[in-house]
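Residue numbers (full-length UniProt numbering): 1 to 285.
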C-alpha cells in the first residue's frame with residue numbers, strides 16, 4: 001500500500017515557539033510517543049534528544065538535565081515567554097522541534113535552541129508547557145499571555161547598598177528586599193498605572209515578592225484584564241504606594257505596536273519600497 005500523508009498547521013503560538021499540526025494519513029496505525037511530565041524532572045536526570053541534526057536522519061544523543069526553569073531572557077531570546085529545560089545532550093540545527101525524552105521513553109521536552117559559541121548548552125520547551133496550550137491551539141484559538149510591561153531585577157539590601165555607595169549611580173535605591181523596576185515600557189499597563197523606573201515592588205495582592213520570578217508567576221497565573229495590586233516603595237525616603245495594574249495580552253500588544261510601526265515607517269518609505277516590521281523583543285512579565 002502506498003502511504004499518503006498530509007500535514008496542516010492548525011494553531012501556532014509565537015511567544016511559546018509552539019505549533020499544533022493535524023496529520024491526515026491512510027496508515028492504519030501511526031506511531032505516537034507517550035508524553036511524560038517535565039514537572040517531575042530533576043537536575044541530573046538522563047535525557048535523550050532525537051532529531052535530524054544537519055540533515056542526519058534519526059540521530060540520538062544522550063545527556064543530562066543541566067538546569068531547570070531557565071528564563072527566555074537568560075537564554076538570550078527575550079522575545080519568547082518560556083522557562084526552558086537546559087541539557088548537555090547534543091542539540092544542533094535540525095533538532096529543533098524534535099523530542100527530548102527521559103529514560104523511560106516519555107517525551108519531557110521539545111528541543112528548540114542552543115547557546116551560540118558554546119558546547120553542551122541546549123534548551124528544550126518543557127512538555128508541560130506544550131500540554132497546557134495544545135488543546136487551545138488544536139481548536140485554532142489563540143493563547144492569551146498576560147503581561148504588565150516592565151523590565152525588572154531581584155533587589156537585596158546588599159545590592160542596593162553597593163549601588164548607593166557608587167558615586168556614579170543613577171539614583172539612590174531603598175536598601176530592602178524586593179523587585180526593582182529597571183524600565184517601564186511605554187503604552188503598557190504598567191505605564192498607564194503610574195509605575196515608575198526604580199520603584200521597588202514589595203508585594204502583589206498582599207503576597208510578598210522576594211524575587212523577580214515571583215512577579216512573573218503572579219502575572220502568568222492571572223487572567224488578561226485582571227487587576228493586580230502592587231505595594232511599591234518609591235524613593236530613598238521610603239514612600240509606600242499601592243498601585244493597581246490591569247494585565248493585558250502580550251501577543252495583541254505586540255501586534256498592535258508592529259501595525260503602528262509599519263504605518264509610521266510606511267509613510268516615510270521611498271516610492272516602490274515596502275517597509276518590513278522591526279522585530280521587537282521584550283524581556284517583560
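Just so it is clear, CB atoms sit at the ideal spot from N, CA and C, and this is done for glycine as well.
Helix, strand or coil at residue i [DSSP, three-state]
{"i": "residue 157", "result": "helix"}
{"i": "residue 192", "result": "helix"}
{"i": "residue 48", "result": "strand"}
{"i": "residue 218", "result": "helix"}
{"i": "residue 164", "result": "helix"}
{"i": "residue 234", "result": "strand"}
{"i": "residue 88", "result": "coil"}
{"i": "residue 118", "result": "coil"}
{"i": "residue 247", "result": "coil"}
{"i": "residue 5", "result": "strand"}
{"i": "residue 32", "result": "coil"}
{"i": "residue 40", "result": "helix"}
{"i": "residue 17", "result": "coil"}
{"i": "residue 96", "result": "coil"}
{"i": "residue 133", "result": "helix"}
{"i": "residue 177", "result": "coil"}
{"i": "residue 126", "result": "strand"}
{"i": "residue 325", "result": "One cannot answer for residue 325 here, as it falls past the ends of the chain, which runs 1 to 285."}
Residue i, buried or exposed, once every other Cβ within 10 Å from all chains shown has been counted against 16
{"i": "residue 201", "result": "buried"}
{"i": "residue 137", "result": "buried"}
{"i": "residue 172", "result": "exposed"}
{"i": "residue 170", "result": "exposed"}
{"i": "residue 41", "result": "buried"}
{"i": "residue 98", "result": "buried"}
{"i": "residue 23", "result": "exposed"}
{"i": "residue 253", "result": "buried"}
{"i": "residue 55", "result": "exposed"}
{"i": "residue 218", "result": "buried"}
{"i": "residue 104", "result": "exposed"}
{"i": "residue 222", "result": "buried"}
{"i": "residue 212", "result": "buried"}
{"i": "residue 72", "result": "buried"}
{"i": "residue 51", "result": "buried"}
Cutoff 6 Å; reference residue i; Cβ partners in own chain excluding five residues on either side
{"i": "residue 144", "result": "224 and 249"}
{"i": "residue 69", "result": "83"}
Residue i and residue j closer than 8 Å at C-beta
{"i": "residue 247", "j": "residue 226", "result": "yes"}
{"i": "residue 154", "j": "residue 179", "result": "yes"}
{"i": "residue 100", "j": "residue 85", "result": "yes"}
{"i": "residue 34", "j": "residue 106", "result": "yes"}
{"i": "residue 134", "j": "residue 20", "result": "yes"}
{"i": "residue 177", "j": "residue 130", "result": "no"}
{"i": "residue 251", "j": "residue 142", "result": "yes"}
{"i": "residue 146", "j": "residue 220", "result": "yes"}
Cutoff 8 Å; reference residue i; Cβ partners in own chain excluding five residues on either side
{"i": "residue 90", "result": "49, 53, 61, 63, 120 and 122"}
{"i": "residue 128", "result": "37, 38 and 39"}
{"i": "residue 174", "result": "160, 200, 233, 235, 236 and 238"}
Same chain, Cβ closer than 7 Å to residue i, neighbours up to 5 away in sequence not counted
{"i": "residue 4", "result": "25 and 26"}
{"i": "residue 45", "result": "64, 65 and 102"}
{"i": "residue 112", "result": "17, 96, 123, 124 and 125"}
{"i": "residue 109", "result": "38, 85, 100, 124, 125, 126 and 127"}
The region 77-94 contacting the region 1-19, beta-carbon criterion three pairs below 8 Å: yes
Stretch-stretch touch, CB-based, cutoff 8 Å, three pairs: the region 185-193 with the region 240-252: yes
Any 3 or more C-beta pairs closer than 8 Å across the region 195-210 and the region 227-240: yes
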